[in-house]
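Inspection log for the structure reproduced underneath, given as structure tokens.
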Amino acid sequence: IPSEQIQNRPDLRPALKVMSRLVLVKRIKAGQAVGYGQTWRAVRDSVIGIVPIGYHDGYLRALSNKAVMTVKGFASPVIGRISMDQTVLDLTDIPEAVVGEPVVVIDDCPDAPNSVANLAASIGTIPYEMVTLLGNRVTRTACSSEVAATCSAIGHVGSEKSSGRSWSVMPEVEMAQIA
Numbered sequence: 010i011p012s013e014q015i016q017n018r019p020d021l022r023p024a025l026k027v028m029s030r031l032v033l034v035k036r037i038k039a040g041q042a043v044g045y046g047q048t049w050r051a052v053r054d055s056v057i058g059i060v061p062i063g064y065h066d067g068y069l070r071a072l073s074n075k076a077v078m079t080v081k082g083f084a085s086p087v088i089g090r091i092s093m094d095q096t097v098l099d100l101t102d103i104p105e106a107v108v109g110e111p112v113v114v115i116d117d118c119p120d121a122p123n124s125v126a127n128l129a130a131s132i133g134t135i136p137y138e139m140v141t142l143l144g145n146r147v148t149r150t151a152c153s154s155e156v157a158a159t160c161s162a163i164g165h166v167g168s169e170k171s172s173g174r175s176w177s178v179m180p181e182v183e184m185a186q187i188a
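Terminal number for the sequence shown in the working numbering: 188, no gaps in between.
See below:
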């Protein structure tokens with residue numbers, strides 16, 4: 010018979026969601042390379058986008074050319090090497106992605122390819138490493154469970170004082186300026 014702690018375990022679910030926005034969207038020609046070391050080359054004319062998060066923020070370089078982020082509900086491959094403060098996405102198959110478009114960097118849905126657990130598994134590490142490496146440039150904002158769906162839908166998290174409700178952490182990477 011399981012212990013009392015196991016029998017009365019609370020119903021926990023992932024609460025971490027990292028959001029950002031596209032800060033650049035541009036077209037490239039077939040054959041053009043992306044990122045340091047040119048580790049990804051376009052096999053067709055493509056649309057790429059830059060997300061202002063990188064290894065300085067705890068988004069590991071090991072995810073280069075392996076991870077996806079979600080844009081407009083579509084999985085968008087991370088292409089090229091992740092740099093210190095930028096990650097490039099292949100937006101070619103995502104209709105009408107524009108600058109300012111919300112991007113789900115890490116999803117709180119456990120089945121999503123960009124959930125903490127799935128990202129960690131893709132590079133042979135554990136979810137705790139992924140979470141604890143998130144840097145201080147990743148703004149943490151609490152979002153009540155009652156408004157989490159709204160926060161997620163609009164890609165922006167408002168701040169609100171706790172009123173006795175359950176709270177989860179929903180970080181959002183702030184949009185960077187690119188000259």
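Glycine included, every Cβ here is placed at the ideal spot set by N, Cα and C.
Computed from a predicted structure; not experimentally measured.
How big is the Cα-Cα spacing for residue i and residue j?
i, j, result
"I91", "R70", "5 angstroms"
"L109", "R18", "Checking the sequence shown, residue 109 turns out to be Gly, not Leu. The alpha-carbon atoms of G109 and R18 are separated by roughly 41 angstroms."
"M78", "E138", "19 angstroms"
"L31", "D20", "34 angstroms"
"N127", "D117", "11 angstroms"
Measure the beta-carbon distance from residue i to residue j and round it to whole angstroms, keeping in mind my assumption that it falls under 8 angstroms.
i, j, result
"M28", "P111", "6 angstroms"
"I103", "V80", "5 angstroms"
"A39", "W49", "Their Cβ separation, rounded to whole angstroms, is 13 angstroms, which puts A39 and W49 out of contact at 8 angstroms."
"V52", "L72", "Incorrect: roughly 21 angstroms between the Cβ atoms, too far for contact."
Please classify residue i as buried or exposed, where buried requires at least 16 neighbouring CB atoms within 10 angstroms.
i, result
"T96", "buried"
"Y45", "exposed"
"D99", "buried"
"I135", "exposed"
"G133", "exposed"
"D54", "exposed"
Closest by CA to residue i, which one among the options?
i, options, result
"L33", "T48, V52, L72 and I62", "I62"
"K75", "P23, P136, A24 and P122", "P122"
"G89", "L128, I57 and A151", "I57"
"V107", "T141, D117 and I59", "I59"
"S151", "D20, K26 and K35", "What sits at residue 151 in the sequence shown is Ala, not Ser. Nearest option by C-alpha distance: K26."
"V84", "D20, D117, V113 and Y68", "With the sequence shown as reference, residue 84 is identified as Ala, and Val is not the correct amino acid for it. For A84, the nearest C-alpha among the options comes from V113."
"T101", "S131, I37 and Q16", "I37"
"E105", "N127, G82 and D117", "G82"
Quick one: residues in its chain with C-beta nearer than 8 angstroms to the C-beta of residue i, no 5 flanking neighbours on either side, listed in chain order?
i, result
"D3", "This structure does not reach residue 3, given that the chain is present from 10 up to 188, and the question cannot be answered."
Identify, in the order they occur along the chain, each residue of the same chain with its Cβ nearer than 7 angstroms to the Cβ of residue i, setting aside the five sequence neighbours on each side.
i, result
"K35", "I57"
"V125", "P23, L25, I115, P136, M139 and V140"
Spatial neighbours of residue i within its chain, please: C-beta separation below 6 angstroms, excluding the five flanking residues on both sides.
i, result
"S131", "K75"
"A129", "I135, P136 and M139"
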